[in-house]
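Encoded as structure tokens, the structure appears first; notes follow it.
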Amino acid sequence: MPLSEHEQRLFEQIERSLAEDPKFASAVRATDPRFHARRRVVIAAVLFLAGIALLIYGAFSKVALVGVAGFVVMLGSAALAMQSYRHGQNRDLRAVGGTASRRTRQRRSSLVDRLEERWRRRPEDNR
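Just so we're aligned, residue 567 is where the sequence shown starts under the working numbering, counting upward by one.
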């Protein structure tokens with residue numbers, strides 16, 4: 567249901583006043599799951615580099631256990647980065663209790679879905 571002009575003006579005024587409040591902006595940023603996901607991706611990248619360093623050190627020092635540990639660290643950090651990236655891409659809005667949710671953007675249709683829709687809308691007469 568679209569907002570009336572008056573409601574739209576009020577909404578824009580509230581939005582502007584909230585955007586100008588630095589304390590509110592930092593509080594919202596601190597609770598934004600995308601912010602935390604981005605931070606976990608950066609941590610995973612640092613861990614990945616540490617894993618590479620362990621792997622190289624293990625190869626040069628000929629201690630296989632250190633090299634294997636480096637590989638495990640790299641694998642774990644890559645998994646953490648992928649999971650955090652996916653979590654950061656999720657744009658669901660959730661209620662405070664976690665009971666209600668809705669998507670803020672529509673799902674992109676795949677190529678097969680679009681082709682099926684075209685097939686259903688095609689003209690039925692065969693000439």
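The C-beta atom is built at its ideal place from N, Cα and C for all residues, glycine as well. Note that the structure is a prediction, hence the values are computed from the model and not measured.
Between the Cα of residue i and the Cα atoms of the options, which residue gives the shortest distance?
| i | options | result |
| --- | --- | --- |
| R652 | L631, V632, H602 | H602 |
Identify the continuous alpha helix (DSSP H) that holds residue i and give its terminal residues.
| i | result |
| --- | --- |
| V607 | 599-626 |
| L569 | Where L569 is concerned, there is no enclosing alpha helix (DSSP H), given that its DSSP letter is neither H nor E. |
| D679 | 677-687 |
| V629 | Note, V629: premise wrong, no alpha helix (DSSP H); not H, not E. |
Under the rule that 16 or more other beta-carbon atoms within 10 Å means buried, what is residue i, buried or exposed?
| i | result |
| --- | --- |
| T670 | Bear in mind that a pLDDT of 48 at T670, under 50, signals an unreliable position, so the number given afterwards is only what the model happens to contain. Exposed, by the Cβ-count rule. |
| L650 | Note that residue 650 is Ser in the sequence shown, not Leu. It is buried - the Cβ of S650 has at least 16 other Cβ atoms within 10 Å. |
| A647 | buried |
| A610 | buried |
| L621 | buried |
Between the stretch 610-619 and the stretch 635-649, do three or more beta carbon pairs fall short of 8 Å? yes
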